[in-house]
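Just add 3 to wherever you are in the sequence shown, counting from 1, and you've got my numbering.
Here a beta-carbon is modelled for each residue, glycine too, at the ideal position from N, C-alpha and C.
Notes to accompany the following structure.
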Amino acid sequence: LVIPFSNEWINNGLFIISYLVVGFEILKKAVRNIFRGKVFDENFLMAVATIGAFAIGEFPEAVAVMLFYQVGELFQSYAVDKSRKSIASLMDIRPDYANIEKDGKVEKVDPDEVKIGDIIIVKTGEKIPLDGVIIEGRSSLDTMALTRVVKTEDEVLSGCINKDGLLKIRVTKEFGESTVSRILDLVENASSKKSKSENFITKFAKYYTPTVVIIAVLLAFIPPIILKDFSTFSVWLYRALSFLVVSCPCALVISIPLSFFGGIGGASKMGILIKGSNYLEALANTETVVFDKTGTLTEGIFEVQDIYAEGIEKDELLRIVAHAENYSNHPIAKSVKKAYNKEIDEKIIKNPQELSGKGIWAKIDEKDILVGNEKLMLEEKIDFKKCDEVGTILYVAIDKKYVGYVLIADKIKQDSSKTIRELKAMNIKETVMLTGDKKEVGEYVAKKLNMDKVYTELLPDGKVEKVEELLKQKSEKGKLVFVGDGINDAPVLTISDIGVAMGGLGSDAAIEAADIVIMTDETSKISKAINLSKKTMRIVRENIIFAIFVKIAVLVLTAFGASTMWEAVFADVGVSVIAIINALRMLNIKKFE
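As structure tokens, this is what we get:
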């Protein structure tokens, strides 16, 4: 028996060994999927094309195709891993432990073991492991984009970092129901809600792959039969195999979902949590943005905006009003006492009386004090100067003599004006504000922000009706985005095309009902999210057009014998790599900030 160990045999043997080293996993997947009924996928195409190349003696091409395909797969893994890490680094809010106080001792336990009512200790630099209420301590919390000062009786959310000071917190939610757990679940499941583009590509690949396999078979057998020259069969088989390599839809199947995944990751870096790529895609078609007023465009906290005094100092006027309002728990009274920010001397207050719907009478420093609205001043026949400012006005009289007023109003957020300007610059068709406030208050805020429309004195069901009207008025492709604080706006968030919860991390209703949750109180994140969605869709379109154009061009050239398997490798792996690199641009959020 003579075994011919020629150079060709050795070379071919090395090619086969190399092929099995780089392609064994692909071959195994192809066989496994065939038995599972999933025949026509990229693994099947690579297996058929490369085994066919071996059959016609094109050993170098067979190994090269498999090698470059694996390089493409490596790029894909790297891209997905980088995208996942970008989200993971943002969402590095999962606590590793909780310091629980038991019998005067502090123990480290798993957050899952902590129960409602337990007292936990959070030291400087530690993450707050569970939602709760501070019972002792004062500190600043890093809530990703904002620093918030907290003190006793303030509610705190898991995931925030304690910057300074020791906090004792009574737990109000178990770990599974806490804010950090809900947000992590939201991000992890974001990929389950596919966009129209992703669904299209999935369906496209389902029908496209078997179609090109049939065309490749016809390309291998029909021309030799028609030409009646079976000596050219190997030539046409080579073209058919190259055709199969080119036709692999990897560039589209990989890069489009990756573009959306990158978009969701980029948004997460900015503190914008998008529940699915379908919402990211819809944002690009935003036509109308509807805002709730209180807590969204305004702070939702009543504050003293102005003090006008006649015949006395402003500080003295504020002192008198704070003492008169001392026994009231009304938000207006609280805002006055907060502005005064000094200890109330209750000894000087005598016989305080609340005058229903009008104000308060009290004797302070042995003087008759009246603090109230315009109706009270008219009823007591006090000559006063009417204030034309928008807000709640507390007129003040001492011994029946007018001495000034205190203006209290809900403060407009710093970036609300910027948000509306940016939306108008992006050619958003209409900006609308809904509020339950009085007409003059709502119109004042809307005018100051330069909004297109405002609807005032609305009850919750009235807001739903207005949004339903606006939904009917928009174009068929246009989307309506509703932005609310997520506490009382769940019905409106649900019926809108896209519901956005502002600063809604503390609200279960926000996380459940909203499609997008903004982790801070910055309204300007709305325009950034829309800008990011448009960029995502632009990259998706670029990848689709580029991949299809190159593939069609090389498919035609291959069918006519004008390209080899090397061009086919570029049309498959090269296009995939370029598309993946293009998709990774979504992780560069500096252009959106």
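Roughly how many whole angstroms lie between the Cα atoms of residue i and residue j?
i: Thr-289; j: Lys-441; result: 29 Å
i: Gln-73; j: Val-215; result: 22 Å
i: Asp-386; j: Gly-394; result: 21 Å
i: Leu-410; j: Lys-361; result: 16 Å
i: Leu-437; j: Ile-277; result: 24 Å
i: Ile-123; j: Asn-102; result: 5 Å
i: Ser-566; j: Gly-266; result: 36 Å
i: Trp-569; j: Asp-418; result: 55 Å
i: Thr-561; j: Val-238; result: 11 Å
i: Val-576; j: Ile-37; result: 23 Å
i: Leu-230; j: Phe-246; result: 20 Å
i: Ile-257; j: Phe-264; result: 11 Å
i: Val-339; j: Leu-373; result: 15 Å
i: Val-5; j: Leu-17; result: With a pLDDT of 41 at Val-5, under the threshold of 50, the modelled position of that residue is not reliable, and the figure given next carries that caveat. Distance between the alpha carbons of Val-5 and Leu-17 is about 20 Å.
i: Lys-370; j: Leu-320; result: 13 Å
i: Ser-166; j: Ala-517; result: One point to set straight first is that residue 166 is Lys, not Ser, in the sequence displayed. Cα-Cα distance, rounded: 30 Å.
i: Gly-439; j: Leu-300; result: 13 Å
i: Gly-40; j: Ala-285; result: 34 Å
i: Ser-478; j: Lys-432; result: 10 Å
i: Glu-64; j: Val-249; result: 13 Å
i: Leu-255; j: Phe-57; result: 28 Å
i: Gly-55; j: Trp-12; result: 19 Å
i: Lys-337; j: Ser-331; result: 8 Å
i: Phe-485; j: Asp-492; result: 9 Å
i: Ala-586; j: Lys-272; result: 16 Å
i: Asp-309; j: Arg-588; result: 48 Å
i: Asp-232; j: Lys-554; result: 29 Å
i: Asn-14; j: Ile-59; result: 16 Å
i: Glu-471; j: Thr-497; result: 11 Å
When we look at the beta-carbon of residue i and count the other beta-carbons within 10 Å, is it buried (16 or more) or exposed?
i: Ile-137; result: buried
i: Ile-242; result: According to the sequence as given, residue 242 is Arg; it is not Ile. Buried, by the Cβ-count rule.
i: Lys-296; result: buried
i: Val-24; result: exposed
i: Lys-378; result: exposed
i: Tyr-398; result: buried
i: Gly-107; result: exposed
i: Leu-473; result: buried
i: Lys-414; result: exposed
i: Trp-364; result: buried
i: Leu-508; result: In this predicted model, Leu-508 has a pLDDT of only 49, less than 50, meaning its place in the structure is not dependable enough to derive any value.
i: Lys-130; result: buried
i: Lys-482; result: buried
i: Phe-47; result: buried
i: Asp-488; result: buried
i: Arg-601; result: No information on residue 601 is available, as it lies outside the stretch 4 to 596 that the chain covers here.
i: Leu-244; result: buried
i: Leu-221; result: exposed
i: Ser-262; result: buried
i: His-333; result: exposed
Relative to the C-alpha of residue i, which candidate in the options has its C-alpha closest?
i: Phe-573; options: Ala-556, Ala-562, Lys-537, Phe-294; result: Ala-556
i: Phe-178; options: Glu-349, Lys-206, Tyr-100; result: Tyr-100
i: Asn-534; options: Pro-334, Ala-270, Met-69; result: Ala-270
i: Glu-523; options: Ile-323, Cys-163, Lys-111; result: The residue asked about is misnamed: residue 523 is Thr in this sequence, not Glu. Checking every option, the nearest Cα to that of Thr-523 belongs to Cys-163.
i: Lys-389; options: Ala-565, Tyr-311, Asn-453; result: Tyr-311
i: Ser-499; options: Thr-291, Leu-70, Ile-20; result: Thr-291
i: Asn-354; options: Val-66, Leu-452, Glu-328; result: Glu-328
i: Asn-376; options: Leu-221, Gly-407, Ile-352, Ser-143; result: Gly-407
i: Asp-115; options: Gly-128, Glu-104, Glu-313, Leu-133; result: Leu-133
i: Ile-347; options: Arg-322, Lys-366, Gln-356, Ser-359; result: Arg-322
i: Gly-465; options: Pro-494, Tyr-447, Lys-111, Val-444; result: Pro-494
i: Val-543; options: Thr-127, Glu-61, Ser-143, Leu-283; result: Leu-283
Please check the pair residue i and residue j, which I expect to be a contact at CB under 8 Å, by giving their CB distance rounded to whole angstroms.
i: Lys-171; j: Gly-140; result: 6 Å
i: Val-68; j: Thr-53; result: 5 Å
i: Ile-275; j: Lys-537; result: That pair is no contact at about 14 Å.
i: Ile-20; j: Met-49; result: Contact flag wrong, Cβ pair sits at about 18 Å.
i: Ser-3; j: Met-429; result: Absent from the structure is residue 3, since the part of the chain shown begins at 4 and ends at 596.
Looking only at DSSP bridge pairs, what is residue i linked to?
i: Ala-101; result: Val-112
i: Asn-165; result: Leu-144
i: Met-505; result: Ile-521
i: Leu-410; result: Asp-309, Ile-396
i: Phe-485; result: Val-293, Gly-502
i: Lys-404; result: Ile-401
i: Met-436; result: Phe-294, Val-457
i: Ala-493; result: Answer by DSSP bridge pairing: none, since Ala-493 is not bridged.
i: Leu-276; result: Val-520
i: Leu-170; result: Val-125
Within 6 Å: the Cβ of residue i and any heavy atom of the ligand ATP?
i: Ala-56; result: Only the bare structure without any ligand can be found here, which leaves the ligand ATP out of the picture.
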